[in-house]
Amino acid sequence: MNKPLPPAYEPKDYEEGIYRRWEESGFFNPDRLPVRPDAPAYAIVMPPPNVTGTLHLGHASMLTIEDILIRFHRLLGERTLWLPGTDHAAIATQTKVEKLLKAEGLDRRKLGREAFLKKVEEFAVASHDTMTRQIRKMGSSCDWSREAYTLDKTRSQAVRSVFKLMYDDGLIYRGERIVNWCPRCHSTLADDEVEYESRPAILYTFKYDENFPWPIATTRPETKLGDTAVAVNPADQRYQGLVGQKLSADFLGRHLDLKIISDVQIDPAFGTGAVGVTPAHAQIDWQIAEKNGLPAIKVIGEEGLIRPGFGEFSGLTAVAARDLIVAKLKERGLIIKEEPIENNLSLCYRCGTAIEPLPSKQWFIDVNKKLPESKSARARQLAWRGKSLKEVALDVVKSGQVRIIPERFGKNYYHWMENLRDWCISRQIWFGHRVPVWHSKRGKVELILVRHGQTDWNKDGIMQGQTDIPLNGNGQESAAKLAAKIRDEKFDLIITSPLKRTSETAKLLNSYQVPIIEDDRLKERSYGRFEGLKTEEILKAHPEIKTFQVNGSNYWIDVPTAETYGQLKARVMDFLGEAKKKYQGKKILVVSHGDTLDMFYAALNDLPDEKAYGRFSLNMHLERYALETDEVYVGLAAPAAGGDWEQDEDTLDTWFSSGLWTFSTLANQPEEIIIKDGQLSINSEDFKKFHPTAVLETGYDILFFWVARMIIMTVYAIGDIPFRDVYLHGLIRDEQGRKMSKSLGNVIDPLDMTDKYGADAVRLALVSGGTPGNDLNVNENKIAGSRNLVNKLWNIGRYLLVRRETEPPDNGSAVSETLAERWIARKMKNLIESLTADLLAYRFSAAAETLREFTWNDLADWYIEASKFENSASAAVLQRRLGRDLLVLWHPFLPFVTEVLWPHHRLDSDSELILVAAWPLAAAYDQFLSGQPNVQAADFSLIQAVIIAIRNLRAENKIPPAQKVRAIIYSEKYAEQLRSQDRLILNLRTGLSSLEIEAGHLAKRQAGWLYASLSGLEIGLAAPDFDPAEQRAALAAEISNLAKRRAAQTQKLANADFVQRAPAAVVDKEKAKLAAIEEELASRQKKFAEQG
RNA sequence: GGACGGCUAGCUCAGUUGGUUAGAGCGCCACGUUGACAUCGUGGAGGUCACAGGUUCAAAUCCUGUGCCGUCCACCA
14 MNKPLPPAYE PKDYEEGIYR RWEESGFFNP DRLPVRPDAP AYAIVMPPPN
64 VTGTLHLGHA SMLTIEDILI RFHRLLGERT LWLPGTDHAA IATQTKVEKL
114 LKAEGLDRRK LGREAFLKKV EEFAVASHDT MTRQIRKMGS SCDWSREAYT
164 LDKTRSQAVR SVFKLMYDDG LIYRGERIVN WCPRCHSTLA DDEVEYESRP
214 AILYTFKYDE NFPWPIATTR PETKLGDTAV AVNPADQRYQ GLVGQKLSAD
264 FLGRHLDLKI ISDVQIDPAF GTGAVGVTPA HAQIDWQIAE KNGLPAIKVI
314 GEEGLIRPGF GEFSGLTAVA ARDLIVAKLK ERGLIIKEEP IENNLSLCYR
364 CGTAIEPLPS KQWFIDVNKK LPESKSARAR QLAWRGKSLK EVALDVVKSG
414 QVRIIPERFG KNYYHWMENL RDWCISRQIW FGHRVPVWHS KRGKVELILV
464 RHGQTDWNKD GIMQGQTDIP LNGNGQESAA KLAAKIRDEK FDLIITSPLK
514 RTSETAKLLN SYQVPIIEDD RLKERSYGRF EGLKTEEILK AHPEIKTFQV
564 NGSNYWIDVP TAETYGQLKA RVMDFLGEAK KKYQGKKILV VSHGDTLDMF
614 YAALNDLPDE KAYGRFSLNM HLERYALETD EVYVGLAAPA AGGDWEQDED
664 TLDTWFSSGL WTFSTLANQP EEIIIKDGQL SINSEDFKKF HPTAVLETGY
714 DILFFWVARM IIMTVYAIGD IPFRDVYLHG LIRDEQGRKM SKSLGNVIDP
764 LDMTDKYGAD AVRLALVSGG TPGNDLNVNE NKIAGSRNLV NKLWNIGRYL
814 LVRRETEPPD NGSAVSETLA ERWIARKMKN LIESLTADLL AYRFSAAAET
864 LREFTWNDLA DWYIEASKFE NSASAAVLQR RLGRDLLVLW HPFLPFVTEV
914 LWPHHRLDSD SELILVAAWP LAAAYDQFLS GQPNVQAADF SLIQAVIIAI
964 RNLRAENKIP PAQKVRAIIY SEKYAEQLRS QDRLILNLRT GLSSLEIEAG
1014 HLAKRQAGWL YASLSGLEIG LAAPDFDPAE QRAALAAEIS NLAKRRAAQT
1064 QKLANADFVQ RAPAAVVDKE KAKLAAIEEE LASRQKKFAE QG
């Protein structure tokens, strides 16, 4: 402790050791803090950084702000907890690892789920370790004993519990919806995970076919294969009267049934005013389709390729299909216009791949459903009964229970929340929380479909329908052949159409003699009076029958007097519905007919009917399906009932788990998370003490991603708010206000900076100049500037130590003897008060600024300088107090340097570590202010003014610093006061050889002297070499300036409106000002005249 | 298209409910070895508070409009 401190602070020599001492002290842990039993709790949960790599300046800024809050509240004596953690960041991490694998020539599918997850975990662990080291480097005083991870056991328990609760309350459902699909990630994305980028595109105006009445416009011709309607604006004159009609088109060989509908969302001015509606591949179209009961045809599949069933286009990428379609349309002269436009392309926010909107079966959280009545008292207080998640989440902010800082972001929050759609929470990636849903394997029905063999009517092209024709030899033979092939397959049951051709087939296929059930619903489509006729004769006689061709055969859409495809499909759906329930766990062979099986195909593959036509037309092939039953189990673990359950393949959106962060982190064991009375209950001391947390501090960029979701999830699960305040900091940008990014090469690595300038300097730079919600531009210079302040503080500390050793020990007097002491004591008292207020109000930059000003200007430049020339017995006590308090005030900002200095400055009653010192008391300075009440501390500013005036006079008149000069001050009013401080005036860089103070006015300016005037006093400096003309010119300039000010001031006071309407205090102030100006002006004018 | 933010000294930013001659840090200029600190000290220059109207006794501050920069949301079929 006694070894001398080096003249410059070297952060590297101390930081690691200091942090270690803090950690070893245990004081980061609120349980081990020496606080009063009734001390208020103060908790912040750290926004968990993603385990995707390393920390950037944004993290550093977050850590700094939170650490300032935490250290401040710890110094205030509160039971303070800062809970650290990391986020598994499902998609982000998986994408990162996939990239790394790609470099090794591997991909996740080659590895398989388990091996891949192992790789991801390895990566996550490594990056976790790097990051926690970096967090320590910044001096973060978080409680590592409570560290959490969004994917650890306790957090998993929370995730599953909340999922189950929401499922049981009907808030989580599974449904087929249009989702944002990333073909590269092979997963859905939430609405806010989609980014938009303006890209040039071509808007094609074209006709579906030559006969179609109007052209339509699109940038995505390939999706037009799935059009099911044409929409126009209801007000559009051009299409009046057409709405409601049905048209069909032959779009490059594909039959389209298009309904003409109207919708207000259609802009009549865009393109042709008519829009092809593609429900499966556009959000808006999906909504329009829902409103109008239109079918959705899925054209593009999960791989981003055109799905089977679209002829030559199938298997092409969307872009290749587009090119081909455009080329074909051109060939047929159907393209009317091609124009380049700027198109807003939606991209995956993680990998930048173009998003493909497509319908998919996913898990959703219903944000609009009314919540069941809650049993908890707190929940009733929130008045959420009968409200939706969305409404409650709005309510807690609108009512002020959760306060957003800065306030203006509240508006953004409301807007976002009000327009929130159901939240798609399932992802098709592997890394993350697996959806806690198990599907019953036992419940599965295996269906094998097969068509009957040939009959004579088949052979002759005669329409059979429900006419009962037996198999011919050919048919029997092929059935027997197939029977041999499937001889080893054990069916539980065969269900067949009762017609001969099918029941005979069924018998031939029944190698194991299982029961055969006949079912009328499996019969062929009825063709009524056309049965028994040759097909070409029918068509000749009835040209009105619509047909179209698939694979060389005609398919008939509307056949008079016969069963429609719709009716046939209904039979099939009915059969499937019953089979699902009746034949769980069974393997069933279904023997049926061409058209009927086509409808099976459509139903089982979720395809529109026309896509299925002809599927079973040619030979006896088998199609195998597993009928998914709806039997699911939702729970915290796999159901115990044996191995008949399979867990859902999907994982959860990473924000689902981080949405639970404030309370899931306050459980220490999975066992502490319990579902009770339809509410989640966290049975831990931590939860009772620290929830809701005091403040959530994070960047405004994740207000929606995270903050909003935490509010939704917590309000629901706990029936309480997650935090009282939300403090949103701005983003850290480079000096030109650009985002820091690797590609721009403008990234400042916080570690480089801490190495170079120390963590304290980096922290201070990240806080000063920043206001909530506003971005902050940072460059290295700023950090260097902060380092200078740190060094200044270091040297103030050193100087006070030197003083203590050389000065006589204190006399115990706590009453300030000198004016400078009373002045600085008053300043310090005010500082403590304003700093405390600033920190409580999250005004970090203002607080740092105030502190800096006090430290550098008031304390170092004035008080310490003054004290060098004062012989005061009270100095020792005051300086100990000042030194001690200064360090504590700076500690939240500059934890390291203050801790290094602390042992030298702490009082005997203080703790050994500044980490747990007591926040300064403003009242402690009253004792220093109590003596000599007739002298005001403010009078020190007179001395300052005199000193500055002398320095000015010298500098302006170029008197070399080395040249000592005589000085005389004339003053009626202040003579006594000035005399008491003459040592300061003589010594504080004024360069005086002697000082006389005369109680009276300067009678006449002398040649060889320089003069300066202040209100109520005159200063003269002996300058024999100086030209009096210059002095006179300076005086003249001063007079003119004063005269101008007097004129303005007089005018102001002459204004009757001002005098009448302005508050009296303001008017008085202005009057006093005028008087002062006039007095000064008069004295200058007098002098000017005398000199003349 | 909607919303929000910014525009104050060369640069980065303060400026609380309207009320001294609009501030700080960095940078710049000049000078400088007073018992801690050149990562320092002293002094200085530098501003039509984006623009145009308005309200008011009084506007950087409140209102309206415009421009530029930035961000978010919606969305382009």
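Numbered according to the working numbering, the first sequence spans residues 14 to 1105.
Every residue gets a Cβ at the ideal spot worked out from N, C-alpha and C, and that includes glycine.
According to DSSP, residue 193 shares a beta bridge with 202, 370. Residue 977 is not bridged by DSSP to any residue. The DSSP assignment places 698-703, 722-731 as complete runs of the alpha helix (DSSP H) inside the stretch 685-750, in order along the chain (cut-off: 4 residues).
Residue pairing for residue 94: DSSP places it in a beta bridge opposite 56. Pairing residue 611 with residue 628 gives a Cβ-Cβ distance under 8 Å. Under the DSSP assignment, residue 270 falls in the beta strand (DSSP E) whose first and last residues are 267-275.
In the structure shown, the three-state DSSP call for residue 646 is strand. Taking each of 180, 539, 155 in turn and checking the Cα distance to residue 82, the smallest one comes out for 155. As computed with DSSP, residue 155 is found in no beta bridge at all. Residue 634 counts as exposed, since fewer than 16 other beta carbons sit within 10 angstroms of its beta carbon. In the DSSP annotation of this structure, the continuous segment of the alpha helix (DSSP H) that includes residue 106 starts and ends at 103-116. Residue 618 carries a helical assignment under DSSP once its states are collapsed to helix, strand and coil. In this structure, residue 790 lies near residue 748, with their beta-carbon atoms less than 8 Å apart. Around residue 1091, the same chain offers 1059 as residues with beta carbons nearer than 7 Å, after the five sequence neighbours per side are excluded.
An exposed status is given to residue 277, since fewer than 16 other beta-carbon atoms sit within 10 Å of its beta-carbon. Per DSSP, residue 638 is one residue of the beta strand (DSSP E) stretching across 636-640. Annotation for residue 1006: 977, 978, 979 place their beta carbon closer than 7 Å to its own, counting only its chain and skipping 5 residues before and after.
If you check the CB distance, residue 351 and residue 507 do not come in under 8 Å.
Excluding the 5 residues flanking it on each side, residue 378 has same chain C-beta neighbours closer than 7 Å at 179, 184, 185, 435, 436, 438, in chain order.
Assignment of residue 17 by DSSP, reduced to helix, strand and coil, places it in the coil class. Around the beta carbon of residue 354, fewer than 16 other beta carbons sit within 10 angstroms, so the residue counts as exposed. Residue pairing by DSSP places residue 361 opposite 207 in a beta bridge. Bridge partners of residue 313 according to DSSP: 319. In this structure, residue 965 places its C-beta atom within 8 Å of the C-beta atom of residue 1025. Three or more pairs of CB atoms, one per stretch, sit closer than 8 Å, so the stretch 493-507 contacts the stretch 523-532. The C-beta separation of residue 308 from residue 299 comes to about 12 Å, leaving the pair out of contact by the 8 Å criterion.
Contact check for residue 901 and residue 88: beta-carbon distance about 6 Å, within the 8 Å limit, so the pair qualifies. In this structure the stretch 42-55 does not lie against the stretch 118-128, because fewer than three pairs of beta carbons, one per stretch, are closer than 8 Å.
Residue 669 and residue 172 have their alpha carbons spaced roughly 7 Å apart.
Taking residue 360 as the centre and dropping the five residues before and after it, the same chain places the C-beta of 207, 208, 209, 210, 366, 367, 368 closer than 8 Å to its C-beta, in chain order. The Cβ neighbour count for residue 234, taken over all protein chains shown within 10 Å, is at least 16; the residue is labelled buried.
The beta carbons of residue 449 and residue 647 sit closer together than 8 Å. Beta-bridge analysis with DSSP links residue 451 to 646, 660. Distance from the Cα of residue 797 is smallest, within the candidate group 784, 679, 776, for 776.
Separation of residue 837 and residue 774 (C-alpha to C-alpha, rounded to the nearest whole angstrom) is 26 Å. In this structure, DSSP gives residue 559 a state outside helix and strand, which the three-state scheme calls coil.
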